[in-house]
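A short write-up of the structure that comes next.
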Amino acid sequence: MSSHAKAHRGQVVGLLGGSFDPPHAGHVHITREALKRFGLDRVWWLVSPGNPLKTHGPAALPDRMQAARAMMRHPRVTITDIEAQLGTRYTAQTLSALRARYRGVRFVWLMGADNLAQFHRWQDWRQIMNTVPVGVMARPGDRIAARMSKTARIYAHARLPSGASHLLGRSHAPVWSFVNLPMTDQSSSAIRARGEWS
Ligand SMILES: Nc1ncnc2c1ncn2[C@@H]1O[C@H](COP(=O)(O)OP(=O)(O)OP(=O)(O)O)[C@@H](O)[C@H]1O
Ligand SMILES: O=C(O)c1ccc[n+]([C@@H]2O[C@H](COP(=O)([O-])O)[C@@H](O)[C@H]2O)c1
363 MSSHAKAHRG QVVGLLGGSF DPPHAGHVHI TREALKRFGL DRVWWLVSPG
413 NPLKTHGPAA LPDRMQAARA MMRHPRVTIT DIEAQLGTRY TAQTLSALRA
463 RYRGVRFVWL MGADNLAQFH RWQDWRQIMN TVPVGVMARP GDRIAARMSK
513 TARIYAHARL PSGASHLLGR SHAPVWSFVN LPMTDQSSSA IRARGEWS
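To convert a position in the sequence shown, counted from 1, into our numbering, add 362.
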């Protein structure tokens with residue numbers, strides 16, 4: 363199942379990449395909060411063909427797409443498998459391809475605090491920080507590791523002060539924002555461990 367994501371010039375589009383294996387209420391929560399707090403026009407869920415750092419393969423992409431569509435119904439949110447269409451898997455590659463395809467659209471990379479903690483292991487992570495604004499959302503157990511992370515230290519100068527997160531989408535990289543949301547402890551791995559997903 364494939365989908366075509368649309369955006370207009372000048373729009374600010376937040377990208378929430380993930381395995382969504384399966385999607386859960388935590389994804390819905392951070393998406394709604396990201397729309398409100400980071401000054402975004404839209405959010406796209408990039409349902410990944412597979413996280414490059416994870417060894418086990420996720421459930422089939424069409425199954426994850428279908429579950430994501432059922433979980434997140436919002437007029438400003440698009441569920442897309444565009445990484446499979448573009449043939450990209452690493453985020454830096456995906457962002458380059460999207461920026462070339464959607465000229466004039468302002469993309470913002472969104473992620474939970476657990477991903478900020480290990481962001482410096484991602485391929486071309488500095489390039490990502492230097493080309494798109496990054497919005498990070500608190501996650502239970504990961505706030506301290508995220509704040510102490512290599513990325514947070516190296517890019518300390520580029521962090522928006524708390525209270526200015528709504529400027530993120532219109533700011534120029536390198537810029538990032540950490541927001542302390544009411545946290546939800548849902549995770550795909552816990553759902554899989556309970557045997558509630560394929
Ligand atoms: N409860 C949550 N709070 C904050 N961020 C979250 C939460 N759940 C997921 N995220 C973020 O959403 C993005 C996609 O998450 P992903 O699809 O990997 O789900 P996950 O629950 O983290 O999966 P797993 O448990 O298998 O690692 C990631 O950036 C992740 O940090
Ligand atoms: O580009 C990388 O090196 C990279 C390494 C780890 C994760 N990512 C991306 O981060 C997003 C979250 O991954 P995951 O598996 O935790 O859901 C997803 O879009 C992945 O493609 C990207």
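The beta carbon of each residue, even a glycine, is placed where N, CA and C say it ideally should be.
As the structure is a prediction and not an experimental result, all values here were calculated from the model.
Selection from the options that minimises the alpha carbon distance to residue i
{"i": "residue 377", "options": "422, 514, 426 and 438", "result": "438"}
{"i": "residue 446", "options": "502, 470, 493 and 413", "result": "413"}
{"i": "residue 482", "options": "512, 473, 460 and 467", "result": "512"}
{"i": "residue 467", "options": "527, 477 and 406", "result": "406"}
{"i": "residue 366", "options": "502, 477 and 444", "result": "444"}
{"i": "residue 527", "options": "519, 537 and 518", "result": "537"}
{"i": "residue 403", "options": "555, 533 and 370", "result": "370"}
{"i": "residue 555", "options": "373, 430 and 383", "result": "383"}
{"i": "residue 473", "options": "540, 450 and 534", "result": "540"}
{"i": "residue 436", "options": "465, 373 and 394", "result": "394"}
Reduced DSSP secondary structure (H/G/I, E/B, other) of residue i
{"i": "residue 394", "result": "helix"}
{"i": "residue 388", "result": "helix"}
{"i": "residue 521", "result": "strand"}
{"i": "residue 539", "result": "strand"}
{"i": "residue 509", "result": "helix"}
{"i": "residue 382", "result": "coil"}
{"i": "residue 471", "result": "strand"}
{"i": "residue 426", "result": "helix"}
{"i": "residue 489", "result": "helix"}
{"i": "residue 413", "result": "coil"}
{"i": "residue 369", "result": "coil"}
{"i": "residue 364", "result": "With a pLDDT of 48 at residue 364, under the threshold of 50, the modelled position of this residue cannot be trusted, and the question is left open."}
{"i": "residue 561", "result": "Residue 561 lies beyond the residue range present for the chain, which begins at 363 and ends at 560; the question has no answer from this structure."}
{"i": "residue 548", "result": "coil"}
{"i": "residue 531", "result": "helix"}
Bridge-paired residues (DSSP) for residue i
{"i": "residue 404", "result": "375"}
{"i": "residue 497", "result": "472 and 539"}
{"i": "residue 440", "result": "406"}
Cβ-heavy atom distance, residue i to ligand 1, below 6 Å
{"i": "residue 476", "result": "yes"}
{"i": "residue 394", "result": "no"}
{"i": "residue 388", "result": "yes"}
{"i": "residue 382", "result": "yes"}
{"i": "residue 434", "result": "no"}
Contact test: residue i Cβ vs ligand 2 heavy atom, cutoff 6 Å
{"i": "residue 452", "result": "yes"}
{"i": "residue 485", "result": "yes"}
{"i": "residue 413", "result": "yes"}
{"i": "residue 551", "result": "no"}
Exercise for review: Spell out a yes or no on whether the segment 534-550 and the segment 375-391 are touching, meaning 3 or more CB-CB pairs, one atom from each, closer than 8 Å.
Suggested key: yes
Review point. Touch check for the segment 496-508 and the segment 470-484: three-plus C-beta pairs under 8 Å?
Key: yes
Check your understanding: Do three or more CB pairs link the segment 450-462 to the segment 488-497 at distances below 8 Å?
Key -> yes
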